[in-house]
Amino acid sequence: MPSEEEQRLTSPHFGHADDLANAEGADGVIPPELADGRGQTGHVAPGAERPRYRSWIVPVVLVGIAWVFSMVLFASVIFGGHTYHVTLYEWIVAGSFHVNISFLVDGLTAMLLLVVSTVGFLVHVYSIGYMDGDRGMWRFFAYLNLFMVSMLLLILGDNYLMLYVGWEAVGLCSYALICFWYKKPSAAGAAKKAFIVNRVGDLGFGLGVMMIWTLVGSLNFTDVFNWVGQMGQDLGRPLGLHPLPTELSVTIIALLLFAGAVGKSAQFPLHVWLPDAMEGPTPVSALIHAATMVNAGVYMVARSNPIFAHAPIAMFAVASIGIFTAIFAGAIALTQNDIKKVLAYSTVSQLAYMFTGLGVGAWAAAIFHLVSHGFFKGLLFMGSGSVIHGAGGEQDMRFMGGLREKMRWTYLTMVVGSLALAGIPIFAGFFSKDEILGETFSRGYLIFYLVGIVTAFMTAFYTFRMIYLTFHGTWRGVAEVWRHVHESAATMVVPLQILAVPTILVGLLLGIPPEGGLIHQWLNPVFEHSEQAGIVAGSLAANGQGFSLLGIGGLLLLVGAGIGAAGIWLAYRWYVADPAAPARFVERIPFGLGPGMYAASVNKYYVDDLYQLVFARGGVLLAEAFWWFDAKVIDGAVNGAATLAQGIGRGLRRSQTGRVENYGLGMAAGLILILILYVVVIR
């Protein structure tokens, strides 16, 4: 039986924790090989060290100012009933192609501003403590600021070109931040993976934008949505000779746009980049998962709701991919041991809930879940970073335990976030997630609803599996590390405490009653055209009665709450009361399928391996085949022509003997040949 130290050292995660660069080890020194991307140590001589606040003071203050302006806009739009549409100047004028730098702030934009600016500002504050001692801190905050600017541009733009610029910019920033510690091979590989996988989805999004311009002649949201609204009307050819929309053209546009959302929001089959993105610093993970990049796809589909509402096939595709991704990612999260990987697959699954809501026409419910998820997932990711920071860089939950004794605030705030994620009543996740499930049921998607309920049980189980393995029981790691476990600095703990407040209150304030809460009052004006279209996939509902606290709606709420509680109870039974139970359960699965099912989940159902085989290795084989064709066929033809000319030259050179009689003989033979040709051919 290996010793505790041997188990620790042979753990697949030992030495792989991305946050070792910022966590104090047993000797209190930041590991020099990870402290900075250039391989330099995190500390310099006191006399040479510049004040650290210079690295973060300007970025944090600027984001704080942006938060203040965002809250002013939010209050004006939500409580004052205003909508702002501001044009700054003409951006591009090329023939008939005309795009302005214009901004639109309506209810949907205001809700995204609330999440992006609040979580983004708290992530900046959190990073002050988390990145302390890293000599690349100035670079980190520069990237973080650019990330925020890109996301704000994405949600504020009033046309698809500005949205596309912000879309690509957040992808670029994610690449820079994921490989922030670029001398770490796994981080560099994860960044390239994220960039390449997103190119697949972005190709579809770009084609969709170009198709919109071709058919509409404008990229402005208002013009595009007015064009879509003409579908089915006999108006002849509209002004500008652009064709009227058809169900086929609108469906193709919707599917191309959704392809971009699948990549950016990490839905199957383009989900593989997001878990690997955990190689970046934890503040990056929090920003990507809670406030910026992955929310972009959900926002884009919601903003494009008039297009999708007139494309029922695309709506069904959105809902189908969403509900499949939800249970698929949830099943993977069940067996992950890296605390950040558990949360990463949780994000994939929760985003899938949002797409399911969008696909069935529950627009406001999907955005409600985006808002609540942004708060509690930001809390959970920053909480996991606090755990990693305080536990000496450890990320493997198998080597944690008992941390609630030394990290009380981190524990309490993460429990609050976990209760929200598990869908326990009064917490934000309960209202938003169960409203999506209720809308799915009431609109006639019974199978989708049942899959969503199973996924909700999985969510509660793996979330509290994480809590129990991390904070309960006794420390299972290296004893020397335990002696140095500590609560994080105030700059890291205070953001957790602040985020715990909306995690508790957002659902109560915005979600009661379902389909009639404040969130619906604020967002219904944005989605009213889609509701009036009468073509949304949700119109297939059997009775069209909607979701309410009375009758079937109240029963569904009770089912959702019961499912969450059951998942928490099972996690407690297996990981606190009887830790040997999971192994027994796997062994008792009929037909000996247990070990194989467990291995499949641990290995992410081999999707990454399949992509490695088909695309990575397949790409290498294809490149080698092209190299052979180029070297043997193309170069062979060129070199062969040269060799032939060289051979002919050598043959002709032999006739050049320098003897006059040979030349005279050749001239005579040539003359005779000419005479023969003249007589035979011409005469």
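With the working numbering applied, the sequence shown corresponds to residues 66 to 748, in that order.
The beta-carbon is built from N, C-alpha and C at its ideal position, and this holds for glycine as well.
Grab me the residues of residue i's own chain with a C-beta within less than 7 Å of its C-beta, minus the 5 sequence neighbours each way, in chain order.
| i | result |
| --- | --- |
| Leu605 | Reliability of the predicted coordinates at Leu605 is poor, the pLDDT of 40 falling under 50, and the value obtained from them is presented with this limitation in mind. Same-chain partners within the cutoff: Arg508 and Gly509. |
| Pro340 | Lys406, Ala409 and Tyr410 |
| Thr400 | Tyr663, Ser666 and Val667 |
| Phe433 | Ser497, Glu500, Leu575, Gly576 and Ile584 |
| His307 | Leu280, Val281 and Gly282 |
| Ser369 | Leu322 |
| Ser314 | Leu280 |
Would you decide whether residue i is buried or exposed? Buried here means 16 or more other CB atoms lie within 10 Å of its CB.
| i | result |
| --- | --- |
| Ile600 | Its pLDDT being 44, under 50, Ile600 is placed unreliably in this model, and the value from its coordinates should be taken loosely. Counting Cβ neighbours within 10 Å, Ile600 comes out buried, since at least 16 surround it. |
| Pro660 | exposed |
| Gly422 | buried |
| Trp246 | buried |
| Thr287 | exposed |
| Glu500 | buried |
| Asp150 | Here the sequence assigns His to residue 150, which means Asp is not the residue at that position. So His150 ends up on the exposed side. |
| His551 | exposed |
| Val363 | buried |
| Thr708 | exposed |
| Gln610 | Reliability fails at Gln610, whose pLDDT of 46 lies under 50, so the model's placement of it is uncertain and the value that follows must be treated cautiously. Its Cβ having fewer than 16 others within 10 Å, Gln610 is exposed. |
| Arg718 | exposed |
| Ala710 | exposed |
| Tyr225 | buried |
| Ala430 | buried |
| Thr478 | buried |
| His147 | exposed |
| Thr311 | exposed |
| Asp695 | exposed |
| Asp267 | buried |
| Val235 | buried |
Looking only at C-alpha atoms, which of the options sits nearest to residue i?
| i | options | result |
| --- | --- | --- |
| Gly269 | Trp232, Phe290, Asn727 and Tyr240 | Trp232 |
| Thr174 | Leu675, Ala645, Phe592 and Val744 | Phe592 |
| Ala565 | Phe389, Ile501, Gly443 and Ile532 | Gly443 |
| Phe526 | Arg204, Pro647 and Trp156 | Pro647 |
| Lys249 | Pro346, Arg119 and Thr722 | Pro346 |
| Ile386 | Val516, Gly467 and Val436 | Val516 |
| Ser135 | Leu622, Phe536, Arg682 and Leu217 | Leu217 |
| Arg473 | Pro490, Gln562 and Leu621 | Gln562 |
| Gly629 | Ser720, Tyr728, Leu486 and Gln711 | Leu486 |
| Trp338 | Gly254, Leu219 and His189 | Gly254 |
| Val265 | Tyr637, Val137 and Ala331 | Ala331 |
| Leu352 | Gly328, Asp197 and Phe441 | Phe441 |
| Phe522 | Ala554, Ile489, Ala493 and Thr535 | Ile489 |
| Thr183 | Trp587, Asp199 and Val436 | Val436 |
| Trp278 | Cys244, Ile318, Phe260 and Asn263 | Ile318 |
| Leu622 | Asp197, Gly716, Thr505 and Gly735 | Thr505 |
| Asn589 | Gly236, Ala361, Ala367 and Val214 | Ala367 |
| Tyr240 | Ser251, Ala259 and Met227 | Ala259 |
| Ala544 | Gly684, Gly457 and Phe513 | Gly457 |
Quick one: give me the first and last residue of the alpha helix (DSSP H) that residue i is part of.
| i | result |
| --- | --- |
| Ser167 | Ser167 -> not in any alpha helix (DSSP H); beta strand (DSSP E) instead, spanning Phe162 to Val170. |
| Val651 | Ala646 to Arg653 |
| Gly683 | Gly683 to Trp693 |
| Val746 | Unbroken run through Val746: none, as it is neither H nor E. |
| Phe522 | Leu511 to Phe536 |
| Asn370 | Asn370 to Ala374 |
| Ala131 | Tyr118 to Ile143 |
| Thr556 | Ala555 to Leu575 |
| Gly716 | Asp700 to Arg718 |
| Val337 | Premise fails: Val337 is in no alpha helix (DSSP H) and is neither H nor E. |
| Tyr32 | There is simply no residue 32 to check, as the chain begins at 66 and stops at 748 in what is shown. |
Got a sec, what are the start and stop residues for the beta strand (DSSP E) residue i sits in?
| i | result |
| --- | --- |
| Leu152 | In the sequence as displayed, the identity of residue 152 is Thr instead of Leu. Element bounds for Thr152: Tyr149 to Ala159. |
Between which residues of its own chain and residue i is the CB-CB distance below 6 Å, once the five residues before and five after are set aside?
| i | result |
| --- | --- |
| His336 | Val413 |
| Val481 | Ala565 and Thr568 |
| Ala391 | Ser414, Ala417, Tyr418 and Thr520 |
| Trp540 | Gly466, Gly467 and Trp547 |
| Val181 | Met216 and Ala356 |
| Ala394 | Tyr410, Val413 and Ser414 |
| Ser167 | Thr152 and Asp223 |
| Leu272 | Leu321 |
Among residues of its own chain, excluding the 5 on either side of residue i, which ones have a beta-carbon nearer than 8 Å to its beta-carbon?
| i | result |
| --- | --- |
| Ala645 | none |
| Ile518 | Leu502, Val624, Gly625 and Ile628 |
Legend entry - Complete runs of the alpha helix (DSSP H) confined to the stretch 390-442 [at least 4 residues]: Segments of the alpha helix (DSSP H) lying fully in the stretch 390-442: 404-424.
Legend entry - Unbroken stretches of the alpha helix (DSSP H), 4 residues or longer, contained in the stretch 200-242: Fully enclosed alpha helix (DSSP H) runs of no fewer than 4 residues occupy 202-221 of the stretch 200-242, in order along the chain.
Legend entry - Secondary structure, alpha helix (DSSP H): runs of 4+ residues fully inside the stretch 458-515: Counting whole runs of 4 or more residues, the stretch 458-515 contains the alpha helix (DSSP H) stretches 473-487 and 493-507.
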